[in-house]
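Participant: This is the structure I want to talk about, given as structure tokens.
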Amino acid sequence: MAYGTEHTIVGRGAELRQLIAWIEACRSARKGGALLLTGDQGIGKTTLIRHATHLAQGFHTVRADGVQAEQGLDYAAVQRMVRPLAAGVRRLPPHLAELLEGVLLGMVPPPRERSLVSVAVLALLSRSSVRRPVLITVDDLQWVDAESQHVLGLVARRISTERVLVLAGADGAEPLLMPGVPVLRLTGMSDRDCLRLIAQHHPSAVAPAVCEVLVHAAHGNPLVLLELLRTLKPGQLAELPQLPDPLPLGPRATRLRLAPLRGLSDDCRRLLTLLATEPRLDPPTLYRVARLAAIDPAALKGAEVAGLVTVSRTTVSFRDAALARAVRQSLDLAERHWAHELLARAFAAGHDDRRGWHEAALSTEADAGLADELERQAARARRHGEPCHAAALMERSAELTREDGPRAGRLVAAAACSSMAGRLRRAARLLEQAEVLAGAQHPSLRGDIALLRGVLSLHQDPPDDAFDALLTAADVLADGDTRLAAKALAAAGEAGLYAGSEGMPVRAARRARALLGGSEVPDEPDARLAAHCLLGVAESLRGLPTAGIRLRTGVADAAQAQDPLLLAWAAHGALFTADDAHARSLAARAVALARRAGDIPTAAHAMQYLAYSECWLSGPDSARLVATEALRLARGTGQLTCVRNVMGMLMLAAGLAGDTETCERYADRVVDEATEHGNGLACALGLWGLAHIDLASGRWEEAAAKLRRITRMKPGHPGVALQAVPAYVEAAVRAGLRPRAERAAAVFARWAEGVGRGWPTAVAAQCRAVLAGDDPEEHFRLALRLHAPGDRELELARTALLYGEYLRRERRRAESRAQLREAAEIFRRHRARLWLDRVRAELRAGGDHANAEAGDGTHAADAAGTESLTARQREIVRLVATGATNKDVAARLCLSPRTVDYHLRRVFQQLRITSRAELVRWFGAESVRSR
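First residue of the sequence shown? That's 451 in the working numbering, and the numbers climb one at a time after it.
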């Protein structure tokens, strides 16, 4: 596989530098060596090996690649390695020359001379490298015969003083193929490198949403990514709705995945065919099916030993889902029919409901009874949180239904399940089929289709388009279902906010008032919650005093809601009242309900609001964890709007933490591409993060320019623009833009007065202090007094920092140090590195050198203590060290309390501690609540 050229290989800069240094050391310092490249199939090992031959100009290059067909031929690879150097064989001692000449003629030496062959090859390489260095490349080492592997390993461990290099590559993690040889493990490429690879190898434009789906599907594997680009048509790459679902497996990727099956027995491959056809098999059922097919169940052992399947007491499954797909894709019609017929007979004998699916696969005409049975199974699967299985059952049920009306209804149900399972493109195609069948005779179905299409648009399309689609859905639903119409209007309001428009949510709110006929408190709870959230946000944007009361009423109503989408909107509404704690609680509950139902898009959607509230309540690290998981889910489903929003959230968290690398990684895609997509929320969050880096670093003009752009750009986001005002006030005043700062502070003060409590009132006092000039002390003291414990601690730290800077300028050093130390402790706890550096600079300027350097040991202890922990364990430890209970940690990380408890017990064992108090001392936190 070659995805690079002689001059450039995308995403392998570090590996190339290591190869260049290795080759130059051999060329100039007569220093030999060996290196084993390992990694997944298609990850780039072959490309690096081939590129090494271009780097090794002047070397005698010999290839001895493994060939699967020759794996059983002893010394086959040694023959290929020795033959290009055969001229030097006659110069070896006679007994060694005779041995190698016999190997070249296909004569296999006796076992006692096995090591002598290695000595002969080593001597040959040593003599051949006198005139010029030698490079031996061995790709696909896993297919090299055992005798040749032994020779290569012995030679590789003994060439350090010769001008000989051995570069080998093996699939997977196979260091035992060449023990004692340094291993370079190739991992997946970064997202940025995957996007560069797409741009480099595809002549026509690929839509940004399609890029996200392809990058996610490839998992950093260049072969998979390039196979997708070659397999998909230009029209499919240009528009997300045209992209197949699921994505096709390219021919080469399929061959590579199926290669390990060639060495298995026929019975083992037949069992794998059954397992691919029915992935929900347990060992007893597989045993019964195997006996029915006259297959020895023990034949599966070969696949288990090869690492292709996992077998437990309750399940038998493929280790890699892509391998199961490749097996299914490779089956011909007769093999599929055999598998379905056999499984149907086995399940019928055991009175197992799974019989219906396989009978339906064999059916070639409509069957009302079988269609009804599949519909019942789909309803049961959906209740159990298996929407993907439910979607397949409902789709097949629709295919077996003859009448247009029932068939359309089942297609809509299949689309709803597909949407929940994250197969949004498949859901859209099913809706198209249903719409043709529904016609004007089924108005309720037309309403369901319109609403689902609007929700799909909210996930995938530009916010402006989603707003129009959801308004259309509300119009279709208005006469028949007020609850769903209100839900559509609430979603339209959210789309309007994504677009950065204050007018769109207000338009949706006016429609809601008209829909409710003057009664703004409908009887239906879901409609009431949707109406309160929508109307409250619209009134807040218009600056009406009733906004806070209405939004708080909506948040209170949400306590009884069970719809995760409505809970996510309620969390959004809570943020407009500056109630981060309620927003986090509602968003966490929405995520939990969505996960329980298997609703992937809604879980990712709710995680946007969970990450934002986590950022201010628990710190940037916690927000980054939630946002990273949301990004993974959203990219897999093609939720481009959510992808960009979450990237913006990652930039905000990174900006607060002083992580410039993460901000730069996402800046182009968030600020530029999101602007083109019309996504104002993502742009605003990203710019806010970049501005925090400038502000913490003392770049006042740059910070002020970015923060002003948030308030004035189209698209933007009115909520983010409002909450970014305190940072803008400081930056603008320091940059000499006081009039602009005063106007912005006045807008923020009116909002804070309307909220009437919490951090906005404290930060409004902070803004007055920054603008006060000669005598800000009264306002600083008021701001510190109004800050409730745990309520946006980072803003409290900024207030303490600004007050400490003022006190130092007034030469009140003792009072200044007290404020600066408090700010430093908060920034240290939240790992806000650049802000902490700014505080330390102030402490040093005030003569407090000891406290300016305090805390460095904390980070060192943190790093040393967590070196042996997994990434998940480190995140749990950091949250626990801030005072979170197991239940809190479980909610924030979307885990069960039992899983958190298990990880903590493992951490205690690894760190050899016995209490949470000791854990806190490890990580430098002040205190922690008991479990």
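Backbone N, C-alpha and C define an ideal beta-carbon position, used for all residues, glycine too. Just so it is clear, the structure is predicted and the values come from calculations on it, not from any experiment.
Using the beta-carbon count (16 or more within 10 Å), is aspartate 1030 buried or exposed?
Facilitator: Under this definition aspartate 1030 is a buried residue.
Participant: May I ask you to list the residues that DSSP assigns as paired with arginine 635?
Facilitator: Answer by DSSP bridge pairing, in chain order: Thr488.
Participant: Going by the DSSP bridge assignment, what does phenylalanine 768 pair with across the sheet?
Facilitator: Its beta-bridge partners are Val759.
Participant: Rank Gly1297, Arg1159, Leu485 and Leu965 by C-alpha distance to the C-alpha of leucine 636 and give the top, closest one.
Facilitator: Per the Cα distances, Leu485.
Participant: Below 9 Å between beta carbons: does that hold for arginine 1278 and leucine 1286?
Facilitator: Closer than 9 Å, so yes.
Participant: Kindly indicate which three-state DSSP category aspartate 925 falls into: helix, strand or coil?
Facilitator: Correct three-state label for aspartate 925: helix.
Participant: Output the distance between the C-alpha atoms of glycine 1254 and glycine 1297, rounded to the nearest integer angstrom.
Facilitator: Approximately 13 Å between the Cα atoms of the pair.
Participant: Smallest Cα separation from leucine 906: which of Ala945, Ala1021, Ser894 and Ala570?
Facilitator: Among Ala945, Ala1021, Ser894 and Ala570, the Cα nearest to that of leucine 906 is on Ala945.
Participant: Return the chain-ordered list of same chain residues with a C-beta closer than 8 Å to the C-beta of proline 534, the five sequence neighbours on each side being excluded.
Facilitator: Excluding sequence neighbours, proline 534 sits near His510 and Val512.
Participant: Could you give the C-beta distance for alanine 858 and leucine 887, rounded to a whole number, given that I count them as a contact under 8 Å?
Facilitator: That belief holds up - the Cβ atoms of alanine 858 and leucine 887 are roughly 4 Å apart, short of 8 Å.
Participant: In three-state terms, what does DSSP make of arginine 846?
Facilitator: Helix.
Participant: Measuring CB to CB, does leucine 1025 end up less than 9 Å from serine 1063?
Facilitator: It is a contact, given that the beta carbons lie within the stated cut-off.
Participant: Measuring alpha carbon to alpha carbon, tell me which of Leu792, Gly1148 and Lys751 ends up nearest leucine 724.
Facilitator: Residue Leu792 is the option with its Cα nearest to leucine 724.
Participant: So, using beta-carbon positions, are serine 565 and leucine 604 closer together than 9 Å?
Facilitator: Result yes, Cβ atoms of serine 565 and leucine 604 sit closer than 9 Å.
Participant: Do glycine 492 and alanine 703 have their C-beta atoms closer together than 9 Å?
Facilitator: Contact flag set, yes.
Participant: Quick one: is alanine 949 buried, meaning 16 or more other Cβ sit within 10 Å of its Cβ, or exposed?
Facilitator: So alanine 949 counts as buried.
Participant: What residue range does the alpha helix (DSSP H) around threonine 511 cover?
Facilitator: Element bounds for threonine 511: not the alpha helix (DSSP H) but the beta strand (DSSP E), 510-513.
Participant: Restricting to Cα atoms, I'd like to know which of Leu645, Leu991, Gly998 and Leu984 is closest to leucine 1017.
Facilitator: Out of Leu645, Leu991, Gly998 and Leu984, Leu984 has the C-alpha closest to the C-alpha of leucine 1017.
Participant: Out of Ala959, Gly516 and Leu602, point me to the one whose CA is closest to glycine 630's CA.
Facilitator: For the residues Ala959, Gly516 and Leu602, the minimum Cα distance to glycine 630 belongs to Leu602.
Participant: Throw me the rounded Cβ distance for the alanine 962 and leucine 927 pair, which I believe falls under 8 Å.
Facilitator: Actually they are not in contact, since the Cβ atoms of alanine 962 and leucine 927 sit about 12 Å apart, beyond 8 Å.
Participant: Under 9 Å, do isoleucine 899 and alanine 916 count as touching if we go by C-beta distance?
Facilitator: Not a contact, by the Cβ cut-off of 9 Å.
Participant: Starting from glycine 685, trace the alpha helix (DSSP H) both ways and give me its first and last residue.
Facilitator: Residues 684-688.
Participant: Which same chain residues end up closer than 8 Å to glutamate 689 when comparing Cβ atoms and leaving out the 5 residues on each side of it in sequence?
Facilitator: Taken in chain order, the residues that qualify are Ala657 and Val660.
Participant: Is it right to say valine 1220 is buried, meaning 16 or more other beta carbons lie within 10 angstroms of its own, or is it exposed?
Facilitator: Buried.
Participant: State buried or exposed for valine 739, treating a residue as buried only when at least 16 other CB atoms are found within 10 Å of its CB.
Facilitator: Buried: at least 16 other Cβ atoms inside 10 Å.
Participant: Of all Cβ atoms in chain D, is any one closer than 9 Å to the Cβ of glycine 670?
Facilitator: Any reference to chain D falls outside this structure, which holds one protein chain only.
Participant: Which residue marks the beginning of the alpha helix (DSSP H) containing isoleucine 745, and which one marks its end?
Facilitator: Element bounds for isoleucine 745: n/a, residue is neither H nor E.
Participant: Three-state secondary structure (DSSP) at isoleucine 586?
Facilitator: It is a strand residue.
Participant: Can you tell me where the beta strand (DSSP E) with leucine 469 in it begins and where it stops?
Facilitator: Looking at the DSSP string, leucine 469 is not in any beta strand (DSSP E); the run it does join, the alpha helix (DSSP H), is 463-479.
Participant: Taking only the alpha-carbon atoms, compute the straight-line gap between valine 517 and glutamine 468 and give it to the nearest angstrom.
Facilitator: Going by the C-alpha atoms only, they are around 27 Å apart.
Participant: Can you name, in chain order, every residue of its own chain whose Cβ lies under 6 Å from the Cβ of alanine 1037, other than the five neighbours on each side?
Facilitator: Cβ neighbours of alanine 1037 beyond the five flanking positions: Ala1021, Ala1056, Tyr1059 and Leu1060.
Participant: Could you compute how far the alpha carbon of alanine 772 sits from the alpha carbon of arginine 873?
Facilitator: Rounded to the nearest angstrom, the two C-alpha atoms are 16 Å apart.
Participant: Which parts of the region 1033-1120 are runs of the alpha helix (DSSP H), unbroken and 4 residues or longer, counting only runs that do not cross its ends?
Facilitator: Whole alpha helix (DSSP H) segments, 4+ residues: 1050-1067, 1070-1087, 1090-1107 and 1110-1117.
Participant: Between aspartate 1306 and the rest of its own chain, which residues show a CB-CB distance below 8 Å, the 5 nearest in sequence each way excluded?
Facilitator: With a pLDDT of only 47 at aspartate 1306, under 50, the local geometry of the prediction cannot be trusted, and the value read off the model is given with reservation. There are no such residues.
Participant: Between the C-alpha atoms of arginine 978 and alanine 1011, what's the straight-line distance to the nearest angstrom?
Facilitator: Approximately 11 Å, taken between the alpha carbons.
Participant: Apart from the five residues just before and just after alanine 866, which ones in its own chain have a Cβ nearer than 7 Å to its Cβ?
Facilitator: Closer than 7 Å at the Cβ level, and outside the excluded window around alanine 866, lie Leu902.
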